[in-house]
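Q:
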Amino acid sequence: MSVKLRVNGQAHELEVDPETPLLWVLRDHLGLSGTKYGCGVAQCGACTVHVDGAPRRACVAPIGSLAGRQVTTIEGASGPHAEAVRATWEGLDVPQCGYCQAGQVMSAIALLERVPTPSDQDIDHAMSGNICRCATYVRIRRAIHSAAASIGGQAGQAEASEAEEER
Ligand code: FES
Ligand code: FES
Numbered sequence: 001m002s003v004k005l006r007v008n009g010q011a012h013e014l015e016v017d018p019e020t021p022l023l024w025v026l027r028d029h030l031g032l033s034g035t036k037y038g039c040g041v042a043q044c045g046a047c048t049v050h051v052d053g054a055p056r057r058a059c060v061a062p063i064g065s066l067a068g069r070q071v072t073t074i075e076g077a078s079g080p081h082a083e084a085v086r087a088t089w090e091g092l093d094v095p096q097c098g099y100c101q102a103g104q105v106m107s108a109i110a111l112l113e114r115v116p117t118p119s120d121q122d123i124d125h126a127m128s129g130n131i132c133r134c135a136t137y138v139r140i141r142r143a144i145h146s147a148a149a150s151i152g153g154q155a156g157q158a159e160a161s162e163a164e165e166e167r
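Quick note: the sequence shown uses full-length UniProt numbering, first residue 1, plus one each step.
1) What ranges does the alpha helix (DSSP H) occupy inside the UniProt domain "2Fe-2S ferredoxin-type" (1-77), keeping only unbroken runs of at least 4 residues that lie completely in it?
2) Find the nearest neighbour of D17 within the set K4, Q10 and C97, judged by alpha-carbon distance.
3) Quick check on V115: does DSSP put it in helix, strand or coil?
4) Buried or exposed: where does T136 fall if 16 or more other Cβ atoms within 10 Å of its Cβ makes it buried?
5) So, with DSSP's three-state summary, where would you put G152?
6) Evaluate C134 with the Cβ neighbour count: other Cβ atoms within 10 Å of its Cβ, from every protein chain shown; 16 or more gives buried, anything less gives exposed.
7) Rounded to the nearest angstrom, what separates L32 and W24 at their Cα positions?
8) Going by the C-beta, is Y37 closer than 7 Å to any heavy atom of ligand 1?
9) Since H50 and A110 are thought to touch, with beta carbons under 8 Å apart, how far apart are those beta carbons, to the nearest angstrom?
10) Where A67 and S150 are concerned, what is the direct C-alpha to C-alpha distance, given to the nearest angstrom?
11) Go ahead and label G38 buried or exposed: buried means 16 or more other beta carbons lie within 10 angstroms of its beta carbon, across all protein chains shown.
12) Closer than 7 Å: is that where the CB of A46 sits relative to any heavy atom of ligand 1?
13) Counting only C-beta atoms, is A102 closer than 8 Å to chain B at any point?
14) Closer than 7 Å: is that where the CB of R57 sits relative to any heavy atom of ligand 1?
15) Is the segment 81-90 close to the segment 51-66, with three or more CB pairs under 8 Å?
In structure tokens, the structure reads:
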């Protein structure tokens, strides 16, 4: 059966068993190896991608259920939230072994797109499905707060310069 979907803005038509998990289509058919396999049963978050902008566990998402949907992987994550998260992740040196981090970053971006200034509780709730064996949780939380502040700061600057121009 062929399935049509868009991945990182590119259209694909794939001849695969509709039960094939998205994770294997990304890694084996499309060569997008940034999305990781951890548990295979939606328990660790290593395989988190966005489907139509919302976080989704690729290891348990049958490709047949994604016809016509927009999939974004770590390789294609873009826009101000993704940029801010990448910058703070790097600035605060969040990763340790790195294995879980693509999933962490994708969950963090989705959180900030939904909740611009998340509380510790919002962060803990949104990130609770992303396990890190290296226990980088404290740095992750700090990086999300920092990304939120930098996006808020940029928005504030943009508003101020717009107001300045209107004067
Ligand atoms: S590999 Fe998908 S949640 Fe663990
Ligand atoms: S950085 Fe090693 S598992 Fe998270």
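A virtual CB, placed ideally from N, CA and C, is assigned to each residue, including glycine.
A: On the basis of the coordinates in this document:
1) none
2) K4
3) coil
4) buried
5) helix
6) exposed
7) 9 Å
8) yes
9) 6 Å
10) 36 Å
11) buried
12) yes
13) Judged by its chain identifiers, the structure shown contains no chain B, having just a single protein chain.
14) yes
15) no
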